[in-house]
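Right, one structure below, let's go through it.
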Amino acid sequence: MDNQQPATSNEQRFPWYGWLGAAIVVVAEICLFARQPLIGRWFTPIVWTGYILFADGLSLRLRGRSWIHNRPREMLLLAWLSAGLWLIFEVYNLRLRNWYYVGVPDNPWARDWAYLWSFATIFPGIFETADVLDGLGLFRNARRQPREMSSLWLSLSFLLGTAFLTIPPLLPLEITPYTFAFVWVGFILLLEPINRALGAPSLYRAWEEGNPRPIYLLLAAGGICGLLWEFWNYWAMAGWRYTLPWPLDFGVYYFRMPILGMLGFPPFALECYALHQFARRMLGERGAEGEER
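Structure representation (structure tokens):
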């Protein structure tokens with residue numbers, strides 16, 4: 017997903033690891049429905065690893081470049097950042113209590129590895145999906161009138177983000193479960209003004225330049241990944257369950273997810289982007305990845 021128009025394909029062949037990823041997804045599905053216990057318990061990280069490999073291969077075929085083929089070091093960094101940055105949301109969930117895990121391995125080493133592996137697929141899954149949508153030309157003609165954001169809005173965005181991320185942990189436990197939306201948009205509001213000021217790739221900057229396409233691609237990718245997360249989670253032996261309070265959970269579900277919760281996946285993709293770019297800049301990372309995303 018570029019901040020430019022979609023790249024034209026350089027006639028790259030679909031790579032071998034893309035076929036491997038597709039095979040992993042198919043075999044994992046077969047083993048899951050055959051009630052194979054080992055695959056059933058490790059299904060989530062396995063199937064998402066396969067999906068990421070397949071999506072990267074498809075991105076290479078459609079765009080002429082991809083994370084694994086062109087920037088393998090960046091891909092490894094992205095996986096580590098994904099695992100580490102997701103822990104922020106786990107810490108928030110200690111107060112929000114919106115989800116919990118079931119069926120995870122009893123052995124603490126195996127359990128921690130299952131968490132690490134699963135969390136490491138979150139950001140790559142979203143970004144690879146956005147790249148595939150980019151290669152397909154989705155939102156190709158999305159443009160708006162260029163207009164610089166006012167300093168008032170940038171300051172207000174930062175203050176709102178700070179408030180949204182600070183208030184939920186301070187509220188009584190009976191209220192905090194209702195504040196999950198604050199956390200799912202707070203990092204966008206907080207970090208986008210910072211990324212813009214630091215010169216890091218920024219969705220705010222793309223919007224100012226009249227190019228909303230990166231935002232639309234990420235929103236769509238977040239929605240698609242949300243559909244896949246909840247679909248695969250429903251069948252897996254180990255996964256997560258939700259505890260959203262009424263009236264947020266009013267009995268209508270997409271698999272196990274209360275239907276209102278599905279609205280959180282698109283903005284979550286924007287948060288992943290903002291967090292990733294901020295973390296890269298703090299680590300002193302620049303270059304090809306920063307130019308492309």
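Each residue of the sequence shown is one higher than the one before, starting from 17 at the first, in my numbering.
Beta carbons: idealized from backbone N, C-alpha and C, even for Gly.
query                                                                                                                                                      : result
In the structure shown, what three-state DSSP assignment does R79 receive?                                                                                 : helix
Roughly how many whole angstroms lie between the Cα atoms of N86 and I138?                                                                                 : 20 Å
Can you give the Cα-Cα distance for R77 and R89, rounded to whole angstroms?                                                                               : 20 Å
Using a Cβ-Cβ cutoff of less than 8 Å, which residues in the same chain neighbour A197 once the five nearest sequence positions on both sides are dropped? : G280
Please identify the residue among L205, F266, Y220 whose C-alpha is closest to the C-alpha of R212.                                                        : Y220
Less than 9 Å between the beta carbons of L243 and N114, yes or no?                                                                                        : no
Does DSSP classify R297 as helix, strand or coil?                                                                                                          : helix
Would the segment 141-159 count as touching the segment 169-181 if we require 3 or more Cβ pairs under 8 Å?                                                : no
Measuring alpha carbon to alpha carbon, tell me which of I84, N109, W133 ends up nearest F7.                                                               : Only positions 17 to 309 of the chain appear in the structure, and residue 7 is not among them; the question remains open.
Compare the Cα-Cα distances from Q28 to each of I210, L74, P53 and report the closest residue.                                                             : L74
For V199, which of helix, strand or coil comes out of DSSP?                                                                                                : helix
Which residue wins for smallest C-alpha separation from F30, given the options R229, S82, M273, I46?                                                       : S82
Return the first residue and the last residue of the beta strand (DSSP E) that W256 is part of.                                                            : 255-258
I'd like to check one pair, Q293 with S218: are the Cβ atoms closer than 9 Å?                                                                              : yes
Apart from the five residues just before and just after V268, which ones in its own chain have a Cβ nearer than 6 Å to its Cβ?                             : I275
Please state whether DSSP places W115 in a helix, a strand or coil.                                                                                        : strand
Report the rounded CA-to-CA distance for E301 versus L234, giving the unit in angstroms.                                                                   : 22 Å
State buried or exposed for T182, treating a residue as buried only when at least 16 other CB atoms are found within 10 Å of its CB.                       : exposed
Report, in whole angstroms, the separation of the C-beta atoms of G66 and A99, which I expect to be a contact under 8 Å.                                   : G66 to A99, Cβ: 18 Å. No contact.
Distance check for P283 and L69, CA to CA, integer angstroms please.                                                                                       : 24 Å
Consult DSSP for M165 and reduce its assignment to one of helix, strand or coil.                                                                           : coil
Would DSSP call P121 helix, strand or coil?                                                                                                                : coil
Give the DSSP-derived three-state secondary structure of P282 in the structure shown.                                                                      : helix
With distances taken Cα to Cα, identify the nearest neighbour of G226 among P162, L154, P121.                                                              : P162
Which of the three DSSP states is assigned to R185 in this structure?                                                                                      : Note that residue 185 is Pro in the sequence shown, not Arg. Here P185 sits in helix by DSSP.
Just the Cα atoms here: how many angstroms apart are L48 and A252?                                                                                         : 7 Å
From which residue to which residue does the alpha helix (DSSP H) around E144 run?                                                                         : 138-151
When DSSP builds the beta bridges, which residues end up paired with Y108?                                                                                 : Paired residue(s): none; Y108 is not in a bridge.
Do the CB positions of Y108 and V120 come within less than 9 Å of each other?                                                                              : no
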